[in-house]
Amino acid sequence: MKLHALVALLAALSTTAHAHSQPELKRHANLKRQTTSSSSASSSAVSSASSAASATVTTSVTGSSSSTGTAVVSSVSTAASAANSGVAATILIESATISGVPALTAITSGMSSGSTFAATTTWATTASPPVSGAPSLPTPFVYSEGVWPTQDKTPPTDTDEVQSWLAELDGWDIPDLEPTTDGTCASDPTFSADAASRGWWTCGAHTRDTDIINCPDKLTWGVSFDDGPGPYTQKLLNYLESVDISATFFVVGSRVIERPAVLVEEYMSGHEISVHTWAHPHLTTLTNEQIVAELGWTRKAIKEVIGVTPTTMRPPYGDIDDRVRAISLAMGLIPIIWTTAGTLGSFDTFDWEVAAGTKTGPECVQEFDNILGNASDIDTGIIVLEHDLYEVTVDLAIGYNLETAQNYNPAFTLKPIGECYGIPTTDLYRESNTNTSFPYTNTTTDVNGDGTADNTTTTTSSGTSTRSSSGVLTINVASIYTTFSLVGLMAFASTLL
Ligand SMILES: *[C@@H]1O[C@H](CO)[C@@H](O)[C@H](O)[C@H]1NC(C)=O
Ligand SMILES: *[C@@H]1O[C@H](CO)[C@@H](O)[C@H](O)[C@H]1NC(C)=O
Ligand SMILES: *[C@@H]1O[C@H](CO)[C@@H](O)[C@H](O)[C@H]1NC(C)=O
Ligand SMILES: *[C@@H]1O[C@H](CO)[C@@H](O)[C@H](O)[C@H]1NC(C)=O
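FYI, in mature numbering (1 follows the signal peptide of the UniProt record, and there is no 0) the residues of the sequence shown are -19 to -1, 1 to 478.
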């Protein structure tokens, strides 16, 4: 009842339906009610209210998260984690030893050093990438107007490119799931009651065997950064090089065409590159064609800049269901999410909330310390959400979180996700991939886990469209919010450049 009142209050207070403000998540029959529901509901209300507030000053960020902290599987008993939480007390680093990184309390929303970091190396087009069998670098990318869709907006579907990519869905049985309203449980009670059978991650952390959600080896951290290349990505790359750590970068197509040299630098320095959509929408809200457009244009942008096409992707906000999953797999992209473990929550650093002004630097580092404490209790390694689009999140990563992980006791091994998962680097790109049953084929893949392959004998490249185009951008509050805040962010970012 109390929770319900809060939900109503929240709805009244906030005109946005932001991904992490979904206390209703906990109310559905197939989800376990968590002991912390009231406190998480109130913190959602707080963060939602301040997200709305910061949106009005146009410097808010698109948080890449969800409240799937309240997942279904529990791998550690409450008693065990209570016992351990007493032991795991690590001393938080409060002042970075890395030059150019402010003290923790000084890392706040809107913080700007005024410095930007252009790509430091100019790579020759003949340079050989550090991936065996990959083609040499293409000539440096030059943006041409009219060739690329509008940035930060889901690309139109009536183009030749999207129509030809739709043929990749032939032979796949794409589940006939209606698009969600905004990717959150709260807005779609009927769909959320059915979240397990939809395989909907944002609504209960439902995953499928085809998803990559952790690193198999205990005490291994699959390091990744989302949403770039950004103005501070090179600062992160400099640090990663100095400590000899490689990571996976989930890049946004709209950013790739903006900072192609930074993407080249990531790839040539030995980091893994993966698809993170064109405009960062909640993919479950889109039609099949729009999902194809989001993934296809990003794939194409990456290919034109570095000469290879990734075979993996990460859905923004983790918003995936069996329809999005099947379309991604049909397009040769294996979904990678991040680790959730029952009551231990979602392994999200919430660094984006510091950028958005809804968490402080010390809270974020504490959160990460909890993640490492909990990660030493589970049987697998972990994948953790972090971002490279903002100066705040880059400073938190290089000054604090990556340092903490390297100095942790017990020690963590830091690797990019493909490597920690045991995927040969060559298989991470279509052009160098030598495994004919990878990513997955249209004849053998059982997307929803019901025991039969999700194939179809009819080829329906034009018939794959089943969705009306309602429920899309024009009436989608979350998408408007996303677009709006990205526009704000672009304006904000351009003042720094
Ligand atoms: C499966 O995909 C291949 C291309 O990868 C295509 O040639 C074939 O027609 C598809 N199978 C069906 C049943 O559509
Ligand atoms: C696990 O995370 C929870 C909060 O998410 C925290 O309270 C707890 O201390 C963590 N456990 C360890 C061992 O750090
Ligand atoms: C090829 O990929 C499949 C997964 O699709 C995997 O099970 C298999 O081990 C891979 N083979 C090699 C040689 O890496
Ligand atoms: C679809 O998958 C089944 C296995 O579940 C297989 O027997 C059948 O040949 C496949 N159909 C096509 C058209 O590939």
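Glycine included, every Cβ here is placed at the ideal spot set by N, Cα and C. All figures in this text were calculated on a predicted structure; none of them were measured in a lab.
Quick one: what's residue i bridged to in DSSP?
| i | result |
| --- | --- |
| Tyr402 | Paired residues: none, contrary to the question. |
| Ser255 | Phe231 |
| Phe206 | Phe230 |
| Pro291 | Tyr410 |
| Lys199 | Looking at the DSSP assignment, Lys199 forms no beta bridge with any residue, so it has no partner. |
| Leu366 | Asp329 |
| Leu395 | Trp202 |
| Trp153 | Asn436 |
| Pro297 | Pro297 pairs with nothing; no bridge assigned. |
| Thr321 | Ser327 |
| Pro316 | Met294 |
| Ile193 | Ile317 |
Are residue i and residue j touching if we call contact CB-CB under 9 Å?
| i | j | result |
| --- | --- | --- |
| Ala274 | Val373 | no |
| Thr290 | Thr258 | no |
| Ala100 | Val245 | yes |
| Ile88 | Ile193 | no |
| Pro197 | Tyr402 | yes |
| Thr131 | Leu118 | no |
| Trp146 | Met312 | yes |
| residue 490 | Glu400 | The requested residue 490 is not part of the displayed model; the chain covers only -19 to 478. |
| Ser250 | Thr229 | no |
| Thr265 | Pro160 | yes |
| Tyr381 | Val82 | yes |
Can you grab the Cα-Cα spacing for the pair residue i / residue j, in whole Å?
| i | j | result |
| --- | --- | --- |
| Ser413 | Ser113 | 7 Å |
| Trp181 | Gly326 | 17 Å |
| Gly354 | Ile79 | 23 Å |
| Pro391 | Thr385 | 11 Å |
| Gly203 | Ser178 | 28 Å |
| Thr40 | Ala77 | Per-residue confidence for Thr40 stands at a pLDDT of 26, beneath the threshold of 50, marking its modelled position as unreliable; the derived number appears in the next sentence. Their Cα atoms are separated by approximately 26 Å. |
| Leu267 | Ile308 | 12 Å |
| Glu222 | Trp104 | 17 Å |
| Thr201 | Lys284 | 30 Å |
| residue 541 | Val237 | Coverage of the chain is limited to positions -19 through 478, which leaves residue 541 absent and any answer about it impossible. |
| Ser418 | Ile398 | 20 Å |
| Ala322 | Ser173 | 20 Å |
| Asp151 | Asn195 | 30 Å |
| Leu383 | Thr437 | 46 Å |
| Tyr124 | Asp133 | 16 Å |
| Gly234 | Asp358 | 37 Å |
| Thr424 | Glu270 | 22 Å |
| Glu149 | Gln387 | 42 Å |
| Asp139 | Asp435 | 27 Å |
| Asp225 | Asp169 | 45 Å |
| Met92 | Thr330 | 19 Å |
| Ser175 | Ala84 | According to the sequence as given, residue 175 is Asp; it is not Ser. Roughly 46 Å separates the two Cα atoms. |
Going by CA-CA distance only, name the one from the options that's closest to residue i.
| i | options | result |
| --- | --- | --- |
| Val346 | Ile379, Thr165 and Pro119 | Ile379 |
| Ile315 | Met249, Gly323, Val428 and Thr102 | Val428 |
| Asp190 | Leu310, Asp350 and Val365 | Leu310 |
| Asp369 | Ala176, Val243 and Ala392 | Val243 |
| Thr324 | Pro296, Pro297 and Ala356 | Ala356 |
| Thr86 | Pro343, Gly432, Ser255 and Thr201 | Pro343 |
| Pro111 | Thr407, Cys401, Ser205 and Gly403 | Thr407 |
| Phe98 | Cys196, Asp139, Asn219 and Leu200 | Asn219 |
| Thr396 | Leu147, Lys340 and Ile364 | As written in the sequence, residue 396 is Lys, which differs from the Thr given in the question. Cα-wise, what sits closest to Lys396 is Ile364. |
| Asp141 | Gly277, Tyr421, Ala386 and Thr433 | Gly277 |
| Thr339 | Ala84, Ser90 and Gly81 | Ser90 |
| Leu366 | Leu147, Leu267, Glu348 and Leu150 | Glu348 |
| Cys166 | Asp300, Glu239, Thr229 and Leu217 | Asp300 |
| Ala282 | Leu147, Thr320, Phe419 and Pro136 | Pro136 |
| His261 | Ile272, His252 and Glu253 | Ile272 |
| Pro121 | Gly251, Val286, Arg295 and Thr266 | Val286 |
| Glu239 | Glu126, Trp104, Glu400 and Gly432 | Glu126 |
| Val232 | Asp225, Pro241, Ala148 and Val224 | Pro241 |
| Ser255 | Glu222, Thr265 and Pro297 | Pro297 |
| His263 | Ser93, Asp163, Asn436 and Asp175 | Asp163 |
| Ser94 | Ile352, Tyr371, Ser173 and Thr265 | Tyr371 |
| Thr415 | Gly432, Pro405, Gly362 and Val224 | Pro405 |
| Asp350 | Tyr389, Glu149 and Pro170 | Tyr389 |
| Asp360 | Gly81, Lys199, Pro420 and Ser168 | Lys199 |
| Thr341 | Lys216, Leu377 and Ser168 | Leu377 |
| Ser109 | Ser96, Gly430 and Gly288 | Gly288 |
| Phe393 | Val375, Ile352, Asp431 and Thr426 | Ile352 |
| Glu216 | Thr426, Thr102 and Gly432 | Residue identity differs from the one stated: residue 216 is Lys in this sequence, not Glu. It is Thr102 whose Cα lies nearest to the Cα of Lys216. |
Worksheet item: Counting Cβ pairs closer than 8 Å, one from the segment 293 to 304 and one from the segment 155 to 175, do we hit at least three?
Response: yes
Practice prompt. Determine contact between the segment 211 to 219 and the segment 329 to 343, defined as no fewer than three beta-carbon pairs at a distance below 8 Å.
Written response: no
Worksheet item: Can at least three beta-carbon pairs, one atom from the segment 200 to 209 and one from the segment 178 to 185, be found at a separation below 8 Å?
Response: no
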